[in-house]
Amino acid sequence: MRRGEALLRLQAATAVRVALRLLIPAVALAVLAIGLQEDPARAIERVASALAGPEATVTAWIVVAVAAFAIASWADPAVAAVEHGWIAHLPATRRQRRLARWSGAWLVQAPLVLSVSLLVAIEAASSGPAALLWLPACPAIALACAIALGLRPHRRTVASPPRPSGSGFASLAFRRTVGERIVDAWIAGAVPLAAATLFLRNNTLDAPAIRLGATLGGGLSAATILALSGLALRRRRPQWAWARSLPVGSRRRVREDAVHLGLSTLPAVIGTALLDPASGVLVLAVIPWLALRTATAVRAAVPDETAMTVLFGEGAAVSALLALMPWSVLPALAGAPFALRVAARRDRELKR
Amino acid sequence: MTGVRFSYRSRRFALEVESLRFDPGLTLLLGDNGAGKSTLLRLAAGVERPDAGSVTIGGFDLWTAEIEARALLAYVPDEPDLVPYASVREILLLVARLRGQAASAVDSALDAAGLSAIERRSPRELSLGQQRRVALAAARIATPPVLLLDDPLEALDDGTRTRTLSWIGDAVESGGTVVVSTHELPPFSRWETARVRLAGGRPVA
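Heads up: the protein sequence lines correspond to chains R and W, in order.
When we follow the numbering used here, the leftmost residue of the first sequence carries the number 1, and every step to the right adds one.
When we follow the numbering used here, the leftmost residue of the second sequence carries the number 1001, and every step to the right adds one.
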């Protein structure tokens, strides 16, 4: 087998896995977005028409290009491994490695290319074969993005641990630990909020019922985001022994975790506020409690899944309580210092 | 290596080597942390390209006769950056194909490194020690005459350490050129033929 072909085969296997990782949340989002429309079939036709109809818009293709570039950027670390790093010492030329990288980066965009091609085909079926002239546009855009990213100069990096520098270090550590996983958490968190949106849009409800639905959906959304972010923290920063050796108290470590976890739930709070502003305020008020409980669960001496399932159950219960009895936000707020104390104690106990 | 200069971004030269040659046998690469040992091995393996100068393996320049030079070497880094979404078997299969070996060489390497049970896992699912075993298994495929090993015993269990040392010994005794960067001298003293000490990115006497 030729060397270039061997590299391409490995890269194809890699790219398919990366594409599948993208495909599942993308399909879920697309189904949700279409499902939220009053007439889903008409919505699909409108998008198809904007892409390839007689009045196709530049904006629609800019959106496609932005999506293609975002996917290429997201997948780049995974597909670039075939060009730089350890693989580079194997007997293949730079040209062969670069071609494999471009191919992988292009293949990763298959879900986008197929989706857009399907929309173009739908438009061709309704308005005529002239729409098919747009068919090569998406693969070409995807290829351009893959090549553009692959042409960036290789970053030489020297492995060094992050340096502690006050609260900036906590942010850096959180960003590196949770990283892109926050997007997965947001996507999962969007599900209860979308369900609440559908419920509120498709029913004629009075104000208390709207508040109940929005608060429950928003609370569950925040609980989902916190459980998944917490899980990432537990798995990727499991012992954190080195951080605990620094001259920083347990309370501060827990508080910093809670602040970052709390900030990660902002999309859920904003989404809830868009449904019902008062519910948004209620969900926001309960975030400190939930974030501190998450910081505690991150340090619990039980298996990862158990800790986060219990945490999600607690978040769901708090959300239900908040939806049924909005005044329960007061004990949640008052209990935040207590939750901080419990979390700090759990952190200290980790040293033993 | 001749006239090699190399720098990471926004740093002074991390490595400056006027002339350095590794002969057959076991050369130990010594130096304090940050002295440039790993950088030197990355340059010698063709993973990084020098800003100036040339690196040749068996008379072939690493950057103008890429395949001929790279076919002669195997490199085991201290932190293997393997392809994250490929399986262990797929990675080793790539190594075998690039070195012109049959797929059966992969099975032998997997067995020798004790990786058969995890051959379908991706590097993302492996511990550092297991990733290093994958890199060591890759180096065993066709065992090229030049081995560049960065802290090869680090993070390995006792059994793998013993097998790795035995493999290094075999490579030295069969006339190979083995360069080992390490802080542990005793395990290698039996085969040691030369030492190169680095300080501040330069070889010192």
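Where a beta carbon is used, it is the ideal one built from N, C-alpha and C, also for glycine.
Assigned secondary structure, residue i (DSSP; H/G/I helix, E/B strand, else coil)
i: R/T197; result: helix
i: R/V281; result: helix
i: R/T177; result: helix
i: R/G219; result: helix
i: W/R1202; result: strand
i: R/V82; result: helix
i: W/S1174; result: coil
i: R/A332; result: helix
i: W/A1102; result: coil
i: W/E1212; result: With chain W running from 1001 to 1205 in the structure shown, residue 1212 of chain W is simply not present.
i: R/F338; result: helix
i: W/F1022; result: coil
i: W/L1165; result: helix
i: R/V108; result: coil
i: R/L135; result: coil
i: R/F97; result: The sequence as given places Arg at residue 97 of chain R; Phe does not occur at that position. R/R97 falls in the helix class under three-state DSSP.
i: R/T57; result: coil
i: W/D1158; result: helix
i: R/G213; result: helix
i: R/D347; result: helix
i: W/S1122; result: coil
Between the CA atoms of residue j and residue i - distance to the nearest angstrom
i: R/F69; j: R/R21; result: 17 Å
i: R/S160; j: R/L275; result: For R/S160, the predicted model reports a pLDDT of 44, less than 50, meaning its position is unreliable; a value from the coordinates is still stated below. Taking the straight line from one Cα to the other gives about 45 Å.
i: W/I1067; j: R/F174; result: 42 Å
i: R/L143; j: R/W61; result: 15 Å
i: R/A100; j: W/A1135; result: 21 Å
i: R/I141; j: R/A65; result: 6 Å
i: R/L112; j: R/A195; result: 25 Å
i: R/A222; j: W/A1074; result: 49 Å
i: R/W186; j: W/D1157; result: 40 Å
i: R/A269; j: R/V283; result: It should be noted that the sequence gives Val, not Ala, for residue 269 of chain R. C-alpha separation (whole angstroms): 6 Å.
i: W/A1105; j: W/W1167; result: 16 Å
i: W/L1165; j: R/I24; result: 45 Å
i: W/W1063; j: W/R1049; result: 8 Å
i: R/A258; j: R/L228; result: 14 Å
i: W/F1006; j: W/A1137; result: 29 Å
i: W/R1099; j: W/L1093; result: 10 Å
i: R/G280; j: R/T224; result: 16 Å
i: R/L233; j: R/T306; result: 14 Å
i: W/A1109; j: R/L90; result: 16 Å
i: R/P164; j: R/A170; result: In this prediction, R/P164 scores a pLDDT of 43, lower than 50, which makes its location untrustworthy; the coordinate-derived value is nonetheless stated afterwards. So the alpha carbons of these two residues sit roughly 8 Å apart.
i: R/S73; j: R/L333; result: 41 Å
i: R/P162; j: R/R42; result: Its pLDDT being 40, under 50, R/P162 is placed unreliably by the model, and the measurement read from it follows with that caveat. For R/P162 and R/R42, the distance between alpha carbons rounds to 51 Å.
i: R/E256; j: R/A297; result: 15 Å
i: W/N1033; j: W/P1080; result: 18 Å
i: W/R1202; j: W/A1117; result: 43 Å
i: R/V47; j: R/L119; result: 8 Å
Burial state of residue i, where buried means 16 or more other Cβ atoms lie within 10 Å
i: W/V1172; result: buried
i: R/A52; result: buried
i: R/R152; result: exposed
i: R/W327; result: exposed
i: R/F338; result: exposed
i: W/V1196; result: buried
i: R/P208; result: exposed
i: R/G218; result: buried
Element boundaries [alpha helix (DSSP H), containing residue i]
i: R/T14; result: 3-35
i: R/S264; result: 250-264
i: W/L1115; result: Per DSSP, W/L1115 belongs to no alpha helix (DSSP H) and is neither H nor E.
i: R/G315; result: 304-324
i: W/S1038; result: 1037-1045
i: W/I1067; result: 1066-1070
i: W/A1086; result: No alpha helix (DSSP H) holds W/A1086; DSSP gives it neither H nor E.
i: W/G1129; result: 1128-1140
i: R/P40; result: 40-52
First through last residue of the beta strand (DSSP E) which encompasses residue i
i: W/R1005; result: 1002-1007
i: W/V1017; result: 1013-1019
i: W/L1148; result: 1146-1150
i: W/V1076; result: 1073-1076
i: W/G1053; result: 1052-1054
What residues in the stretch 77-89 of chain R bring their beta carbon closer than 8 Å to a beta carbon of chain W?
P77, A78, A81, V82, H84, G85, W86, I87, A88, H89
Check each residue of the stretch 186-209 of chain R: if its Cβ is closer than 7 Å to any Cβ of chain W, include it; give the result in chain order.
Taking 7 Å as the Cβ-Cβ cut-off against chain W, none of the residues of the stretch 186-209 of chain R qualify.
Contact list for the stretch 1088-1119 of chain W against chain R, Cβ threshold 7 Å:
E1090, L1094, V1095, R1097, L1098, R1099
Check distances from the C-beta atoms of the stretch 1051-1076 of chain W to those of chain R and list, in chain order, the residues that come in under 7 Å.
E1066, I1067, R1070, A1071, L1073, Y1075
Residues of the stretch 12-33 of chain R in Cβ contact with chain W at a cutoff of 7 Å, in chain order, please.
A13, T14, R17, V18
Which residues of the stretch 90-106 of chain R have a Cβ closer than 8 Å to any Cβ of chain W? Give them in chain order.
L90, P91, A92, T93, R94
Positions along the stretch 1140-1163 of chain W whose CB lies within less than 7 Å of some CB in chain R
Here the close residues number zero.
Check distances from the C-beta atoms of the stretch 1034-1053 of chain W to those of chain R and list, in chain order, the residues that come in under 7 Å.
A1045, G1046, V1047, E1048
Just by C-beta distance, which residues in the stretch 1163-1188 of chain W are closer than 7 Å to chain R?
For the stretch 1163-1188 of chain W, no residue has a beta-carbon sitting nearer than 7 Å to a beta-carbon of chain R.
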